[in-house]
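Under the working numbering, the first residue of the sequence shown carries the number 206, and numbering increases by one thereafter.
Cβ atoms here follow ideal geometry from the backbone N, Cα and C, with glycine treated the same way.
Owing to the predicted nature of the structure, the values given are computational and were not obtained by experimental measurement.
These notes concern the structure reproduced below.
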Amino acid sequence: MGRAKHIIRNSTSRPQFVTFELSTARYRLNPGDELSFYYETDFIRPDEPPLITDYAEGDHGTEIVIWTNFGSEEGPFLPDGEEAVTDWD
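In structure tokens:
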């Protein structure tokens, strides 16, 4: 088993929301923002993240849903290393 890092960047002009399931934590990514998190995996492949990811358009922009085992992810973190704050608005 290895430890992998996953980075999410918002390269759009609208806010995006990142939700972690099963923990249901939700984070806002404003245009130009990024988050990163670490997770344990048996499948470290540089060309393909082993995460199930869904995308949905909502009233507040794109919502990205990342499916992880509850509590298996570490983070997410902002580029400066600070832990990201959840956003439910």
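In DSSP terms, what residue 279 is bridged to: As a working note, residue 279 is residue 74 in the sequence shown. Beta-bridge pairing links residue 279 to 243.
Out of 243, 265, 236 and 222, point me to the one whose CA is closest to residue 209's CA. Position 4 of the sequence shown, counted from the start, is the residue given in the question as residue 209. Residue 243 is the option with its Cα nearest to residue 209.
Going by C-alpha to C-alpha distance, which of 207, 237, 216 and 288 sits closest to residue 246? By one-based count along the sequence shown, residue 246 stands at place 41. It is 207 whose Cα lies nearest to the Cα of residue 246.
Rounding to the nearest angstrom, what Cα-Cα distance links residue 270 and residue 293 in this structure? Taking the first residue of the sequence shown as 1, we reach residue 270 at position 65. Taking the first residue of the sequence shown as 1, we reach residue 293 at position 88. Taken atom to atom, the span from the alpha-carbon of residue 270 to that of residue 293 is near 14 Å.
Flag this pair as yes or no: are the beta carbons of residue 212 and residue 223 separated by less than 8 Å? To locate residue 212, count along the sequence shown from 1; it is residue 7. To locate residue 223, count along the sequence shown from 1; it is residue 18. In this structure, residue 223 does not lie closer than 8 Å to residue 212 by Cβ.
So residue 208 is in the beta strand (DSSP E); what residue range does that whole segment cover? As a working note, residue 208 is residue 3 in the sequence shown. Residue 208 -> beta strand (DSSP E) spans 207–214.
Quick check on the DSSP output: the beta strand (DSSP E) that includes residue 272 runs from which residue to which? Within the sequence shown, numbered from 1, the residue matching residue 272 stands at position 67. Segment 266–272, the beta strand (DSSP E) holding residue 272.
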